[in-house]
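Data first, discussion second: the structure below is written as structure tokens.
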Amino acid sequence: MAVPTALKLTPLNAVHHRLGARMVDFGGWEMPVQYSGIIDEHNAVRNAVGVFDVSHMGEIEIHGPEALALIDFVSTNSAAKLTPGKIQYAGLLYDHGGFVDDILVHRVSADHFFLCVNASNQEKDYEHIRDANRWQAEVDFASDRYAQIAIQGPKALATLQKLTTTNLGAVRYYNFVDGEAAGIPARIARTGYTGEDGFEIYIDPAAAEKAWDEVLRAGAEFGAKPCGLGARNTLRLEAAMALYGHEIHASITPFEAGLDWIVKMEKDGFLGRGALERQRQAGVRRKLVGFEMRGRGIARDGYEVFIGGSPAGWVTSGGPSPTLNKNIGLCYLPIQLAAIGQPIQILIRGQLVDAVTIPIPFYKRAK
Amino acid sequence: MVPEQLRYTKEHEWVGLEGDIATVGITDHAQQELGDIVYVEMPKVGTAVEKGKTLGSVESVKAVSDIYSPVSGEVVEVNEKLADAPEKINQEPYGEAWLVKIHVSAPAEVSDLLSAAEYESYIAAEK
């Protein structure tokens, strides 16, 4: 008999229960999947503001004069180009070019980097970075020191601005400042995973409940809602943002995932570069594309994709799009069949249902 | 609140029997567990169904769930309104949002199903 392992809890766990959230096991974490309903929460983020507990995400800090050398070796992106206060999306790759994880690299100072990594990958990432550390950089597993709250939506700035003296309008997208929110020291980053404007704040777990309550109170006049992982997934899918374990994993390279822009091949050496160079020479053979259903049915992760009666690929994520009011998805297809407008069929519970490839992102906010 | 006059399954379907026609739906508990329902797949009229076998499916934003036939018989009517308004299942699971009507071949099967009181204690124990 398998011994059930206790789920890990975020510092906001009791708050979610009190709010009546539906809780699920998400990669070993007990997390809220929804409060008022996925569509309602999704719409709150698109039209006003939503608040997410993302404290399950991991944090790794890298210090020392050689911190940059280590980061630049493990990251596909160019950490050297980051000035303090700036953030980069990047891949951590294996030598064979597949993803260990996708991460956000924050440069705190010349010799201090702060990484935000996926919850279920945090231990693996830490080991991966430590193993790659042939410099004197100090790699510090910091997840226990941070709670993370995401405030997302067109009213995110107005909500958070009520709680901080930092001029949030001056913090540009993919920039951060160390300031205060609700009287709590906070790393305030203008990032998110929803396709909307918004902020992600990193705070002391002991203060998480106070911060959560104050953010929701500040946003009440705009209709702020607590949002769960269900809405987080429909929002990121509309924005066609990759989810580890779905669009990207150990057998997928950034070129296949359409993430060429986070790979800086001109950088001298970095983990996975050789494999990517070989793939580029040989030609990338499959590509991530978006599709919408034409027939009735919803494509889900792992469903097979057919073209002209033959298996051609697989769905990585799929579901209804509350904003666009259609059923959408992402799939891998052979590169020669990956053009926009390609008719495809999805095998849904034994039936082939028509779909067609369309441009991604499915949703883009008005600037 | 579980309607008294209906019968229930442990898979959270309900059955209302009038003569030899069974109206089938999913319970309020089921719709709450599923969340926002966005798609319903039901058999065609004339399909023979068997108690305990898959009748169709309902999909929420997150996932797809099978619906099992609580009785054996033949599908005589499908609630076509749900195709364009699946969210009705969230709003009126016991009313307008019935799924199918089945001409039952063995009406005794219905009395084997859970009573309202039995179903209520079943879902209370499940929590």
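As they're listed, the protein sequences go chains F and X.
Residue numbers 2 to 368, in this note's numbering, belong to the letters of the first sequence in order.
Residue numbers 58 to 184, in this note's numbering, belong to the letters of the second sequence in order.
Note that CB positions come from ideal geometry on N, CA and C, so glycine has one too.
Keep in mind that this is a model prediction, so the values were computed, not measured.
Provide the residue span of the alpha helix (DSSP H) that contains residue i, from first to last.
i, result
"F:Ala276", "Arg274 to Ala283"
"F:Tyr127", "Gln123 to Asp132"
"F:Phe74", "Ala68 to Val75"
"F:Gln343", "Premise fails: F:Gln343 is in no alpha helix (DSSP H) and is neither H nor E."
"F:Val52", "Premise fails: F:Val52 lies in the beta strand (DSSP E), Gly51 to Asp54, not in any alpha helix (DSSP H)."
"F:Ile88", "Looking at the DSSP string, F:Ile88 is not in any alpha helix (DSSP H); the run it does join, the beta strand (DSSP E), is Ile88 to Leu94."
"X:Glu153", "No alpha helix (DSSP H) contains X:Glu153, which DSSP labels as neither H nor E."
"F:Ala45", "Ile39 to Asn48"
"X:Asp77", "Per DSSP, X:Asp77 belongs to no alpha helix (DSSP H) and is neither H nor E."
"F:Ala151", "Not the alpha helix (DSSP H): F:Ala151 falls in the beta strand (DSSP E), residues Ala148 to Gln153."
"F:Lys82", "Per DSSP, F:Lys82 belongs to no alpha helix (DSSP H) and is neither H nor E."
So, under 8 Å CB-CB, residue i and residue j are touching, yes? Tell me the CB distance rounded to an integer number of Å.
i, j, result
"X:Val12", "X:Glu134", "Since the first and last residues shown for chain X are 58 and 184, residue 12 of chain X lies out of range."
"X:Asp123", "X:Thr111", "5 Å"
"F:Leu93", "F:His129", "6 Å"
"F:Thr254", "F:Gly98", "4 Å"
"F:Tyr203", "F:Thr192", "At roughly 11 Å, the Cβ-Cβ gap does not stay under 8 Å, so F:Tyr203 and F:Thr192 are not in contact."
"F:Asp179", "F:Arg188", "5 Å"
"F:Arg301", "X:Val121", "7 Å"
"F:Asp102", "F:Tyr194", "The pair is not a contact, with the Cβ atoms about 14 Å apart (cut-off 8 Å)."
"F:Ala133", "F:Leu13", "That belief does not hold up - the Cβ atoms of F:Ala133 and F:Leu13 are roughly 33 Å apart, past 8 Å."
Would you mind stating whether residue i and residue j have Cβ atoms separated by less than 8 Å?
i, j, result
"F:Ala183", "F:Ser56", "no"
"F:Glu293", "F:Ile359", "yes"
"F:Ile152", "F:Phe200", "yes"
"X:Val97", "X:Leu63", "no"
"F:Asp226", "F:Ala45", "It should be noted that the sequence gives Lys, not Asp, for residue 226 of chain F. In this structure, F:Ala45 lies closer than 8 Å to F:Lys226 by Cβ."
"F:Arg287", "F:Glu239", "no"
"X:Val132", "X:Ile94", "no"
"X:Tyr125", "X:Thr66", "yes"
"F:His43", "F:Pro33", "no"
"F:Asn119", "F:Met24", "no"
"F:Gly29", "F:Ser144", "no"
"X:Val72", "X:Pro150", "no"
"F:Gly314", "F:Ile299", "no"
"F:Leu236", "F:Gly259", "no"
"F:Ala68", "F:Asp112", "yes"
"F:Ser79", "F:Lys365", "no"
Would you identify the three-state DSSP class for residue i, choosing helix, strand or coil?
i, result
"F:Ile104", "strand"
"F:Asp179", "strand"
"X:Pro164", "coil"
"F:Met2", "Bear in mind that a pLDDT of 44 at F:Met2, under 50, signals an unreliable position, so the number given afterwards is only what the model happens to contain. F:Met2 falls in the coil class under three-state DSSP."
"X:Ser172", "coil"
"F:Arg19", "helix"
"X:Glu61", "coil"
"F:Asp112", "coil"
"F:Thr192", "coil"
"F:Phe223", "helix"
"F:Tyr174", "coil"
"F:Leu10", "coil"
"F:His64", "strand"
"X:Asn147", "helix"
Considering only heavy atoms of the ligand ATP, does any lie closer than 7 Å to the CB of residue i?
i, result
"F:Ala15", "The model depicted lacks the ligand ATP and carries no ligand whatsoever."
Beta strand (DSSP E) containing residue i: first to last residue?
i, result
"X:Val97", "Ile94 to Glu98"
"F:Thr358", "Gln352 to Ile359"
Check your understanding: Taking Cβ-Cβ distances below 7 Å as the criterion, which residues of the region 76-98 of chain X are in contact with chain F?
Key -> Gly92, Asp93, Val95 and Tyr96
Point to revise | chain X contacts made by the region 294-315 of chain F, where a contact means CB separation under 8 Å | key: Arg297, Gly298, Ile299 and Arg301
Exercise for review: Residues of the region 4-35 of chain F with a CB closer than 8 Å to any CB of chain X: list them in chain order, please.
Suggested key: Residues passing the 8 Å Cβ filter: Arg23, Val34 and Gln35.
Practice item. Using a Cβ-Cβ cut-off of less than 9 Å, list which residues of the region 98-119 of chain X approach chain F; keep chain order. Key: Glu98, Ser114, Glu116, Ser117, Val118 and Lys119
Review point. At a Cβ cut of 7 Å, what residues of the region 222-252 of chain F count as close to chain X, listed as they run along the chain?
Key: Gly231 and Thr235
Practice item. Mind checking the region 118-139 of chain X against chain F and listing, in chain order, the residues whose C-beta falls within less than 8 Å of any C-beta there? Key: Hits within the stretch, in order: Val118, Lys119, Ala120 and Val121.
Practice item. Give the residues from the region 321-339 of chain F that approach chain X closer than 9 Å (Cβ to any Cβ), ordered along the chain. Key: Pro321, Pro323 and Asn328
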